[in-house]
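Going by this note's numbering, the first residue of the sequence shown is number 157, and it counts up by one from there.
For each residue, glycine too, the CB sits at the ideal point set by N, CA and C.
It should be emphasised that the depicted structure is a prediction, and the values quoted were computed from it without experimental measurement.
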Amino acid sequence: MNTVNSQRLFQKAKELIPGGVNSPVRAFGAVGGQPFFVERAQGPWIVDADGNQYVDYVCSWGPGILGHAHPRVIEAVKKVCEKGLTFGAPTAGEVELAEMIGTCVPDMEMVRLVSSGTEAVMSAVRVARGYTGRDKIIKFAGNYHGHSDGLLVKAGSGLMTQSVPDSAGVPEGYAASTLTAVYNDEESVLRLMEENKGQVAAVVVEPVAANMGVVSPEAGFLEFLRRITEENGALLIFDEVITGFRLSLGGATEYTGVHADLHTFGKIVGGGMPLAAYGGRRDIMANVAPLGAVYQAGTLSGNPVAVTAGITTLKILMEDRGIYERIDRRAAKLETAFRKTGLCVNRAGSLLSAFFVPGWDVCGQKAAAPELQEQKVKNYEDACRCDRHAFAEYFHNMLAQGIYVAPSQFEAMFVSDAHSDELIERTCEAIKVSVKGHKLA
Ligand code: HOZ
157 MNTVNSQRLF
167 QKAKELIPGG
177 VNSPVRAFGA
187 VGGQPFFVER
197 AQGPWIVDAD
207 GNQYVDYVCS
217 WGPGILGHAH
227 PRVIEAVKKV
237 CEKGLTFGAP
247 TAGEVELAEM
257 IGTCVPDMEM
267 VRLVSSGTEA
277 VMSAVRVARG
287 YTGRDKIIKF
297 AGNYHGHSDG
307 LLVKAGSGLM
317 TQSVPDSAGV
327 PEGYAASTLT
337 AVYNDEESVL
347 RLMEENKGQV
357 AAVVVEPVAA
367 NMGVVSPEAG
377 FLEFLRRITE
387 ENGALLIFDE
397 VITGFRLSLG
407 GATEYTGVHA
417 DLHTFGKIVG
427 GGMPLAAYGG
437 RRDIMANVAP
447 LGAVYQAGTL
457 SGNPVAVTAG
467 ITTLKILMED
477 RGIYERIDRR
487 AAKLETAFRK
497 TGLCVNRAGS
507 LLSAFFVPGW
517 DVCGQKAAAP
527 ELQEQKVKNY
537 EDACRCDRHA
547 FAEYFHNMLA
557 QGIYVAPSQF
567 EAMFVSDAHS
577 DELIERTCEA
587 IKVSVKGHKL
597 A
């Protein structure tokens, strides 16, 4: 495979940009080798600077539920650009998008648009603190809520990939008010609530975790969080930056039946542009400035280009509910292909992760003990036990066959509506070879 242009670009990028990338996981640090630089993408395909073409299961880390460059989205964005890129003043589109979000997720009684998932969760936490008059929050190890100071504690995603779950540069005082519980472990939450009685403003959770690989909540876990927060006067925040409009049009609430007080959205809601949102109960959101005393602002918040991409994407999802059936069914096919290799797989709708759990022999020569094959990854510790070297080999084998999955064991595989049955079949074949037979080649 010719990668001359990507290599040249990466060399130059490294001189100018830390690590040569604008978001750490893109550097391929966890899998070795050099990242490819992207030239363009269309539908399920991504094309690099040397003309190599890959079936893309990263989908820009989630926004691309319709595939890349959906013609309707591109058309709408082109049109709105002609009217101006940003005004820093309200537009009709913002009202339309807020209304659409509320239609899809009725718990979103009031919505504030921001520009990134980080901003959305950071702001929701601030609102929870302002509303309750309390400082502490509970989060879960391996959940990732963006890179604001107080949330970079035992965080998943890129931090987990680099094995540095806490970031340097976060003042101790910030981290001290972030309490960390174990995902799917009620006891750990109960203990923190008990030890910090009357001090917890909110429990913030990924209702389906997707930043330590995909980890679903076990039966009753989210219901438990709903109950315990209510009993303790704390708010429940669903970080739906990944799950929103992904698991279903109504996000995690429609998918799990559990209601939160505040939700955060990103990725799909912006249709591929920098847009995110937070919102929820009217009485809580009424505390946000200029209505209330919790301050949050942004020059590009609700900018018309991103809003248009978001509106158009949600319109397509609302018009064709068959999309969710298709992407879930196709993801299930990938799940089956992974399971046939003996890997442990977690899947929620169109999100999935294959985990190289201990005991897995990537060569396929020595089958893992049956109980290990069955082992479920249900929290951060389980995920951390995975064999990262085996993952890296699998990653490069897939890439060599023209399939691009996230360059980290701890990110999700995203299936889009552009992944045809034929491409899914091709991917299943690639999985078979990449996980099992590569050393035999
Ligand atoms: N934190 C993102 C994945 N969960 C990575 C974003 C990116 O590198 O673009």
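Where G199 sits in the DSSP three-state scheme | Residue mapping note: residue 199 aligns to position 43 of the sequence shown, counting from 1. Strand at G199.
Per DSSP, what kind of secondary structure is T399 in: helix, strand or coil?
-> Translated into positions along the sequence shown, residue 399 becomes position 243. Looking at T399 - three-state DSSP - the assignment turns out to be coil, as it is neither helix nor strand.
At what residues does the beta strand (DSSP E) containing D212 begin and finish?
-> Along the sequence shown, read from residue 1 onward, the residue named residue 212 stands at position 56. Looking at the DSSP string, the run of the beta strand (DSSP E) that includes D212 is 209-212.
Are three or more beta carbon pairs between the region 550-561 and the region 207-216 nearer than 8 Å?
-> yes
Less than 6 Å between the CB of R402 and some heavy atom of the ligand HOZ, yes or no?
-> As a working note, residue 402 is residue 246 in the sequence shown. No, Cβ of R402 sits at least 6 Å from all heavy atoms of the ligand HOZ.
Is S323 near the ligand HOZ, judged by its Cβ being under 6 Å from some heavy atom?
-> Here residue 323 is taken as the residue at index 167 of the sequence shown, counted from 1. Answer for S323: no, Cβ out of range of the ligand HOZ.
Which full runs of the beta strand (DSSP E) of 3+ residues lie inside the region 280-358, going along the chain?
-> 292-296, 334-337
In angstroms, rounded to a whole number, what distance separates the CA positions of H415 and E231?
-> The residue you call residue 415 lines up with position 259 of the sequence shown. The residue you call residue 231 lines up with position 75 of the sequence shown. Looking at the two C-alpha atoms, the distance is approximately 36 Å.
Out of S572, Q565, V591, F243, state which residue places its alpha-carbon closest to the alpha-carbon of L315.
-> Your numbering for residue 315 matches position 159 in the sequence shown. The shortest Cα separation from L315 among S572, Q565, V591, F243 belongs to Q565.
Which listed residue (G376, Q318, G325) has its alpha carbon closest to that of N367 | Taking the first residue of the sequence shown as 1, we reach residue 367 at position 211. When only C-alpha atoms are compared, the closest one is Q318.
Can you tell me where the beta strand (DSSP E) with C500 in it begins and where it stops?
-> The residue given as residue 500 occupies position 344 in the sequence shown. C500 -> beta strand (DSSP E) spans 500-504.
Take G258 as the anchor and find which of A574, R437, A568, A493 has the nearest alpha-carbon.
-> Residue numbering aside, residue 258 sits at position 102 when the sequence shown is read from its first letter. Minimum Cα distance to G258 is reached at R437.
Option nearest E581 by Cα separation, candidates E252, I479, R486, S404 = Here residue 581 refers to the residue found at position 425 when the sequence shown is read from its first residue. Ranking the options by Cα distance to E581, first place goes to R486.
From D263 to E396, what does the alpha carbon distance come to, in whole angstroms?
-> For the purposes of this step, residue 263 is taken as residue 107 along the sequence shown, with counting starting at 1. For the purposes of this step, residue 396 is taken as residue 240 along the sequence shown, with counting starting at 1. So the two alpha carbons sit approximately 13 Å from each other.
To the nearest angstrom, how far is it from the Cα of E252 to the Cα of L499?
-> Against the sequence shown, residue 252 aligns to sequence position 96. Against the sequence shown, residue 499 aligns to sequence position 343. C-alpha separation (whole angstroms): 44 Å.
Leaving out the 5 sequence neighbours to the left and right, which residues in its chain are closer than 6 Å to A597 when beta-carbon positions are compared?
-> For this step, residue 597 is matched to residue 441 along the sequence shown. Because the pLDDT at A597 is just 31, under 50, the model does not fix this residue reliably, and the point stays unresolved.
Quick one, which of T399, G240, L381, I173 has its alpha-carbon nearest F296's?
-> Here residue 296 corresponds to residue number 140 of the sequence shown, with the count starting at 1. Measuring from the Cα of F296, the nearest candidate turns out to be L381.
Is any heavy atom in the ligand HOZ found nearer than 6 Å to the beta carbon of V187?
-> Indexing the sequence shown from 1 puts residue 187 at position 31. It does not: the Cβ of V187 is nowhere closer than 6 Å to a heavy atom of the ligand HOZ.
Status (buried if at least 16 other CB within 10 Å, exposed otherwise) for N158 | As a position in the sequence shown, residue 158 is number 2, starting the count at 1. When all chains shown are included, N158 counts as exposed.
Which residues does DSSP pair with Y434 in a beta bridge?
-> Your numbering for residue 434 matches position 278 in the sequence shown. BP columns for Y434 point to R268, T420.
Report the partner residues of V361 according to the DSSP bridge assignment.
-> The count along the sequence shown starts at 1 and reaches residue 361 at position 205. DSSP lists F394 as partners of V361.
Who are V371's beta bridge partners in DSSP?
-> Along the sequence shown, read from residue 1 onward, the residue named residue 371 stands at position 215. BP columns for V371 point to A365.
State yes or no: is the C-beta of W201 nearer than 6 Å to some heavy atom of the ligand HOZ?
-> Numbered from its first residue, the sequence shown carries residue 201 at position 45. The answer is no for W201.
Exposed unless 16 or more other CB atoms sit within 10 angstroms - verdict on V451 | As a working note, residue 451 is residue 295 in the sequence shown. The amino acid at residue 451 is misidentified as Val; the sequence shows Tyr. Classification of Y451: exposed, given that the 10 Å Cβ count is below 16.
Consider the C-beta atom of N502 and the heavy atoms of the ligand HOZ; say whether any pair is separated by less than 6 Å.
-> For the purposes of this step, residue 502 is taken as residue 346 along the sequence shown, with counting starting at 1. No, since every heavy atom of the ligand HOZ falls outside the 6 Å radius drawn around the Cβ of N502.
For N299, is the beta carbon positioned less than 6 Å from some heavy atom of the ligand GTP?
-> Absence of the ligand GTP from the depicted structure is noted, with the ligand HOZ being the only ligands included.
Looking at the unbroken beta strand (DSSP E) that takes in A442, where does it start and where does it end?
-> Within the sequence shown, numbered from 1, the residue matching residue 442 stands at position 286. Unbroken run through A442: none, as it is neither H nor E.
Segment contact flag, the region 461-477 with the region 418-428, C-beta cutoff 8 Å, min 3 pairs | yes
May I ask whether a heavy atom of the ligand HOZ can be found less than 6 Å away from the beta carbon of S313?
-> The count along the sequence shown starts at 1 and reaches residue 313 at position 157. Checking the Cβ of S313 against the ligand HOZ gives yes.
Would you check if the distance between the CB atom of L507 and the CB atom of V370 is smaller than 7 Å?
-> The residue labelled residue 507 in the question sits at position 351 within the sequence shown. The residue labelled residue 370 in the question sits at position 214 within the sequence shown. Taking 7 Å as the Cβ cut-off, L507 and V370 qualify as a contacting pair.
Residue burial classification, V533 (beta-carbon count within 10 angstroms, cutoff 16) | By one-based count along the sequence shown, residue 533 stands at place 377. So V533 counts as buried.
Got a sec: does the ligand HOZ put a non-hydrogen atom nearer than 6 Å to the Cβ of V181?
-> For the purposes of this step, residue 181 is taken as the residue at position 25 of the sequence shown. Yes, the beta carbon of V181 sits closer than 6 Å to at least one heavy atom of the ligand HOZ.
Bounding residues of the beta strand (DSSP E) (the contiguous stretch that carries L508) = Working through the sequence shown from its first residue, we reach residue 508 at position 352. Where L508 is concerned, the enclosing beta strand (DSSP E) stretches over 507-511.
What first and last residue would you give for the alpha helix (DSSP H) that runs through A539?
-> Here residue 539 refers to the residue found at position 383 when the sequence shown is read from its first residue. First-last of the alpha helix (DSSP H) with A539: 536-540.
Can you name, in chain order, every residue of its own chain whose Cβ lies under 6 Å from the Cβ of R169, other than the five neighbours on each side?
-> Against the sequence shown, residue 169 aligns to sequence position 13. At residue 169 the sequence reads Ala, which differs from the Arg that was named. If we look at A169 and ignore the five residues flanking it on each side, its Cβ neighbours are G176.
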